[in-house]
Each structure stands twice: as C-alpha cells, then as structure tokens.
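Quick notes on the structure that follows.
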Amino acid sequence: MLSRVRKIISDIWYFFPVQLLVLHLKKNQWLLLFWAILFGFVLQGVGTLFGLPYLFLDPEYNHQVNFASLLIIGITLGGFTMAFHITCYILDAHRCGFLGNEKDPFRKFSINNSTIPLIFLVTYLVQFVIFQYKENVPVEDLIWESLGLLLGSIITVELLFLYFTSTNKDIFKVLAASAASPLQPKHKVTRVNVMRKKVDTVRRYGMHIESFLDARLRIRPAESQLIDVSAALKVLRQNHLNAFIIQVFVFLIVLGLGIFRDLPGFQIPAGASMLLLFTLATLFVGAISFWLGKWSIPVFILVLFGYNELVKARIIQTDYEAFGLNYKIEKADYSITQLDSLSNAEHYQVDKDSTLAILERWKAKITDLRNRKSLQEEATGKPLLPRKKPKLLFLCVSGGGERAALWTMRVLQAADSSLNGTLIPHTFLITGASGGLVGASYFRELYLRSQTDTTLDLYNHKYLDNIAKDNLNAITFSLVVSDMFFKFQQFHYKNHWYYKDRGYAFEQQLNKNTENVMDKTVMDYQEPERLAKVPMLLFSPTIINDGRKLYISPQHVSYMTEADHVSPRYLIPKLKGVEFLRFFEKQEAHNLRFLSALRMSATFPYITPNVVLPSEPAMEIMDAGLSDNFGISDAIRFVYVFREWIARNTSGVVFLSVRDTPKEHAIEKNEDRSLFNRMFTPISSLYRNWSHLQDINNDNVIEYTREMFPKIPVHQIEVSYATYQNADTTAITTKDSVRRQNYERVSLSWRLTAREKQNLKNAIYDPRNQAALERLKQILK
C-alpha cells in the first residue's frame, strides 16, 4: 500500500505540468509576478482604492461594457498567455530533453505550461460574472460577454499556434530532410555558443520528467534520450527564431496602434492596454535573459543608466508640457531674486484694485437680481422681506479623480436647482483641486453658455453622464503605445508643436467627454470673470521644487502670493506662491490651454504625470491636493485680503465645501501589531491621515476668520459623499475599515463603474446632505 502511494506521488511529482510549476517557482519568479498582479486585480486584492480591479471586471470600450470590450480583453489576455509560453519555451525548453523527440514541441510545451493561465482564466470568468451580476447585468448579456472573453483568448492562442505549427519543423522533418539528401554536407548550426550550451544543460541539469500531456490532452510517457543532437539544435534554433519574429511583430503592432491613437475605435480598454504592456515586458525580459544569460541583470542595469543619461541630455523626450506655452525661447528665471522682483507693493495694489472692481460688479449683479425678485413678489402680492446686504459665497471643491468630478457636478446641479438658479450668481470664487475643479469648471462653463442659450438646461442629467465618462482608456493606451518607449507624434496648438503623450490623451478625452465646451485658453475667461458673469476660478497646483503654490487665473492675483506690504518687512515670511500670468509672461502665459490648467491641478501619480514648465530650473507641478485638497486655505486667503470690503458690503461669508470624502472617519483599531506593521505604520498613517491634517488646519483658519468679522457671520456648509452610516461614531477595526471602503465607497480613479456612478448620484439624498442644502437655502434667502 505504501509503495503504491509513493508511486502515485512520484507520478504526480514528475508529471510535466507539475515540474514546470516547480521550475517557475525556483527560476522564473519574475514571470509569476505578472500573474500575481493579475490575480490581485481580478480578486480585488490589489489597487482597489484606485479602482484598478474594475479595469478587468468592468472593462469599457467606447463607454460601454459589451461583447466587443470583452473580446478585446480576451485577445490581449491570449497574447499575454502566449508571451508567457514563448518566453518559458525559449528559456527552459532545452531542459526538457524529451521535447526534442516530439512532433510539434512548442504546442506540447504550451499545453503542459498552461496550469497558471487556465486557473487565471477560470478565476477571471467567475469574478467577472459575480461582479457584473451585482451590477444588475442581465444573464443573457453576461453569457454573451463571457463568450467574448473566451473567444478572444482562443483566437489569439490558436493563431499563434498555427503560425508555429506551419513554420516550425519538428525533429522528424529535420531528419527526413537530411535523409533525402545524403550527399549534401551537413549544415553548420549557427549560434553554437548558445544552442550547444542548452543541449549540454539537458544532459547535466535536465528536468526529470516521466509523463506529459500530448496535443489531445492524453497522458503519455516521456522519452529522455534525444534521437539526434544536431537535429534537436536545428529545431530549437527555428523555434527561437519564430519567437523572435513574434516579439518584433508585437512591438510593431504597438507602435502602429499609436499612430491611430486619436480614433475612438483604437482606444482599447485600459485593462487590455495593461495586458499589452505585460506582454511586451514578458517578451523583452525573456529575450534579454535568453541571449545574455547570467549577464542579463548587469546589462539591464547598464542599459537603464544609459537611458537615464539620454533623458538627462534631453535626447529622449520625457517631459510633459503645458499646451499653449512657448518652450523654445529663453526660460523664465526661477530664483528668489526674480520672485522678489515680481513681489512689490505696486503689483499688489493694482491687482487688488482690479479685483475690488469685480467685487463691486458682483454686488451690483446680486442687487439687480434681488430687485427683480422683489418686483416679482410685489406683483404677486407676497410680503416683501427686508433688504439686507448680500452674502458672499465661496465654492470650495475637493479633489478625488472622477469620483470628485461627478460628485461636484451632482451637488452643484442640486444646489443651484433648489436655489432657483441663484447659486452661481452668489458665488464669487471657486477654489479646490483635481476632479472637483473639473466638475466645477464644467458647470461654470455651462452656466456661462446658458446666459446666451436659453434652451440649455443646466440640470440635464446628460451633463452628469458626460463628466462621468471614462478617461482612463485613452491615458493607459497612450502610456503603452507611446510614453513607455519614445514619443514621435506631435500636434499643433497656438503656433507651437507638442508631443502627444498621456497629458494630451487626458485633455483630449476630457474635451471629447464634455462635448468640447472647455476647449479654450485660460484667458478666454478673463472678460466673463471681470464683468462678474461667472465666478472667478483659481487654480493652485503645487510646485514640488519648493512647496509653493502656482496661482493660475485670467486675472492678476499677486495678492494671493505675498503679504500686504503694510507690515514691517522683517515680519513677512517667504512668498506663499507664484503668480503664473506674470511669471511666464514672456513664455506666452496668456495662451495656456484651460484643459492644461485643469490637468496641472489634477495631476495623478503615474496616470496624469507632473507637468514641467519653461523655467530654469524647470518648475515641476503637482496636484493642488498636495497642499490643500479642499480649497479652503485659498478661499480664506482671499477673504483676508479683501476683509475690509467684505465687512462693509456683505451681510456674511459662506464657505460651501463640496467634499468627496466624509470629514469624520471612524477611529481604526489596529489589531495587527506585527513587525512589518510596526515598520510601515508611521509612513502609512501619514498617508492615510494627510487629508485629516488638512481638515484640522482648515477648521483652525475658519475659526480665525470668524474672529476677523465680529459683526457679520461666517458660515461653513459641507456637502459630503459618504456611504456608510455612523462612520463618525462607531469604532471599527482596520480590516473592517478597508473592507467597507473597498465595497461601499466609490474608487479614486478616472474610471467609474455603472454602480459607482449611481452610488454618487444617490448620495445627494443623504439626510445630512439634504439638511446642508436646506441650510444653504435659508442663509442665502
């Protein structure tokens, strides 16, 4: 009985698929890493906070999840699977001596090497069906989409197998050819140093394999002795040549796709782009490992350093530019001396007077609106309310990718509707970061157009759908087909040429999603803001060189960057920021594309990369949320500068804060006090609590603001996106917190699922948000 058990165990252990798994664990961990990442995505264990699993579980193509989108995912998954087989075959087929005696060795190797790909495919299908079922997708659509995934994978795999079968000779064909021409001298085998070493490895370190699966999935015994070493070398050589041809072909396909990047049909799902990237990486690293062997790592490091030097010398273009600026002329001098020269009492007073004139126009507009309303009430016989000075409203919107953009748009539609269209007229300044500013900018532009187009319905739900459309496909596709290698395509804007990169992809897709209404320069809003037709909007991305803010506005706003020049000079701290319009005047700051300004304020690490501006040293721009994700500090700074006018001309200040996160969170009980947890807790806690620290600082400055105005009230109204109840009072464990955030909150991404979109739209009906809107309505009456 024991011997029989040992025999079964031995048969299993020396079964070819099992030995290949063991080999990968011992030698090809880097290949397994790609599969581990993919498993993490589909099992929602990796990147859930940023919505990465949804790139596979809910892949959109032309803004729809359908048969075509799953077919494309299936094709690229099949490509990655075959890249895995090809790379393993090149690196390890020589260890499997019995393959030299087999007909169609590559197909047999791939069949036995399919354990991981098959487990992944089944796991992916199950997770996809579960996820889509929760999205209320009809069963017939689920079946159809699943067939698309399977069909795409099968097509790619079979086409590549067909290519190998039709072009590769197995050992029997080689021997037959030799026998047919006995007088022909033996052909010298090329790449002898590589190939003969591989055959020698079979003899000394070959895998001990007793059985394998053949092409018909039957278990067959493996022959350990090669029929003819020279013939086996020819077979290996030809297989490797075909694998190399496929590598070149895939690379050319990627470059070819880049040429048609602007066509919607070529912007494949982001998950497919990721699989394409994994395919290229697998083939490239496999080729390097095969040809260089033990020298692969040193050579790779050398190539990496060489590439770095080419980037430093600007031979390879890796900078991401702001469109509209002139990068060809002399760079702006980014130095303390230059900043001090722009910081002076004259600029401060001129800019302040200019904004005071806008404030006066805003006041006159509000007075006119109230007079018209009074006449209407008088005509209907309603009792007239006593006239008061207007409330000055500041709209502060938080960052948070597409989640924040959709939430901001939803809140502004609901608030403006409940106030009978008077929210935006009461608003003087919009501040914030990232996605929140995207949503607010879109609503402001629609409001501007509604003043001349009476048919435009500001509350139409199509605008919610527009702002919620996918941005990630175009960005990820650009990363794979262009940014990962070299940029070669350019486009023309404001008399200058720029490279088509991820920044371009983000702007073009956002422009397309919003029906091109924001395809303007920043300065196109100068006159509407100056006449108080729309609120001023202030971008304040962070300059990562020194932590200052870059203030971008069509108006001159030097008062945001410096003190008032009344205090003694020795009491003045360092400059708070840089005014974009003056600093880059020679570099044509007036031509800056509005969408580029949005991109600078919405920089998302590795997705929408840092913008480099034409200064010396180069000014690098990061998301505004790095310094204040909620826009409160900029609004407070504005209030402080104009505190005297506000005290005389208004009956109060209102800060309407639109947040895509709740202000109060549960205090987590960290039950995992392992060594690793203790090592990483300080850093991870700082990252998790960064927004909480900003909230505390913002609450402090609002308290100081209330002290600034003893005779008028200062109101703060918060409309927050939150999906779980009692999060501010119920203590939960870290694991529970993560689980709730993963499954109940919308992900931080530029791509939302249908359920997430509906989740955000419904959040406005939360009793706390309804109470906040009602309070806003009472304050502005």
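Take 1 as the starting number for the sequence shown in full-length UniProt numbering and just add one per residue. Positions of the beta carbon are idealized from the N, C-alpha and C atoms, including for glycine.
Check: Hey, would you say A222 sits closer than 7 Å to F98, going by beta carbons?
Finding: yes
Next item on the list: Could you tell me whether the region 451-460 touches the region 390-404, where touching means 3 or more Cβ pairs closer than 8 Å?
Entry: no
Notebook entry, point to check: Hey, quick one: how far does the alpha helix (DSSP H) through R582 stretch, first residue to last?
Noted result: F580 to F583
Checklist line | Cβ pair residue 782, N769 closer than 7 Å | finding: Because residue 782 is not part of the residues shown, which for the chain are 1 to 781, the question remains open.
Checklist line | Span of the beta strand (DSSP E) around Y463 | finding: Where Y463 is concerned, there is no enclosing beta strand (DSSP E), although the alpha helix (DSSP H) it sits in stretches over H461 to I467.
Next item on the list: Sort T337, A68, L150 and L280 by Cα distance to I269 and report the nearest one.
Entry: The displayed chain sequence assigns Pro, not Ile, to residue 269. Checking every option, the nearest Cα to that of P269 belongs to A68.
Item checked: Pairwise C-alpha distance: K391 and E774 -> 16 Å
Check: Looking at C-alpha atoms only, which residue of L159, E527, L142 and L31 is the closest neighbour of S354?
Finding: Answer by Cα proximity: E527.
Check: Apart from the five residues just before and just after T367, which ones in its own chain have a Cβ nearer than 8 Å to its Cβ?
Finding: P390
Note to self: Tell me the residue span of the beta strand (DSSP E) that contains Y559.
What the structure shows: First-last for Y559: undefined, no H or E at that position.
Check: Which word fits S335, buried or exposed, when buried means at least 16 other C-beta atoms lie within 10 angstroms of its C-beta?
Finding: exposed
Next item on the list: On the DSSP bridge assignment, give the partners of V611 in chain order.
Entry: Residue pairing for V611: DSSP places it in a beta bridge opposite I621.
Item checked: Paired residues, beta bridge with C396 - DSSP -> T431 and S657
Notebook entry, point to check: Taking K328 as the reference, which of D351, I288, Q349 and Y498 has the closest Cα?
Noted result: Y498
Next item on the list: Return the first residue and the last residue of the alpha helix (DSSP H) that L2 is part of.
Entry: L2 to W13
Checklist line | Own chain, CB closer than 7 Å to Q716, minus 5 neighbours either side, in chain order | finding: F655, S657 and I702
Next item on the list: Report whether the distance from the Cβ of H347 to the nearest heavy atom of the ligand ZN is below 6 Å.
Entry: Absence of the ligand ZN from the depicted structure is noted, as is the absence of any ligand whatsoever, leaving it without description.
Check: Out of curiosity, what's the CA-to-CA distance linking I155 and I75?
Finding: Those two C-alpha atoms are separated by around 7 Å.
Next item on the list: Assuming R582 and S558 form a contact by the criterion Cβ under 8 Å, report the distance between their Cβ atoms to the nearest whole angstrom.
Entry: 7 Å
Item checked: DSSP beta-bridge partners of M523 -> Paired residue(s): none; M523 is not in a bridge.
Checklist line | Buried versus exposed, by CB contacts within 10 Å (16 or more), A772 | finding: buried
Check: Taking Cβ to Cβ, would you say P17 is nearer than 7 Å to N112?
Finding: Contact flag set, yes.
Checklist line | Presumed contact (8 Å Cβ cut-off) between E616 and N545, rounded CB distance | finding: E616 to N545, Cβ: 11 Å. No contact.
Notebook entry, point to check: Would L325 pass as a contact of Q587 if the rule is Cβ separation under 7 Å?
Noted result: yes
Checklist line | S343 to E445 span [Cα, whole Å] | finding: 32 Å
Next item on the list: With a cut-off of 8 Å on the beta carbons, I'd call G435 and A405 a contact; round off their distance for me.
Entry: 4 Å
Next item on the list: Identify whether F676 lies in helix, strand or coil by the three-state DSSP scheme.
Entry: Low per-residue confidence applies at F676: pLDDT is 47, beneath 50, and the placement is therefore not dependable enough to give any value.
Next item on the list: My understanding is that W30 touches V285, with C-beta atoms under 8 Å, so please give their C-beta distance in whole angstroms.
Entry: 7 Å
Checklist line | Reduced DSSP secondary structure (H/G/I, E/B, other) of G47 | finding: coil
Item checked: Three-pair Cβ contact test at 8 Å for the region 621-635 versus the region 536-545 -> Because the criterion of three Cβ pairs below 8 Å is met, the region 621-635 and the region 536-545 touch.
Item checked: D470 versus G432: straight-line alpha-carbon distance, rounded -> Their Cα atoms are separated by approximately 22 Å.
Check: With respect to the alpha helix (DSSP H) encompassing Q770, which residues constitute its N-terminal and C-terminal limits?
Finding: Run containing Q770: P767 to I779, per the alpha helix (DSSP H) assignment.
Item checked: With 16 other Cβ atoms within 10 Å as the buried cut-off, status of H85 -> buried
Checklist line | 8 Å CB neighbourhood of F594 in its chain, flanking five on each side removed | finding: Contacts found: S441, M518, D519, K520, T521, V522, D524 and Y525.
Note to self: Applying the 10 Å Cβ sphere with the 16-neighbour rule, what's the burial state of F488?
What the structure shows: exposed
Check: If you compare alpha carbons, which of L91, A635, L57 and I646 is closest to F41?
Finding: L57
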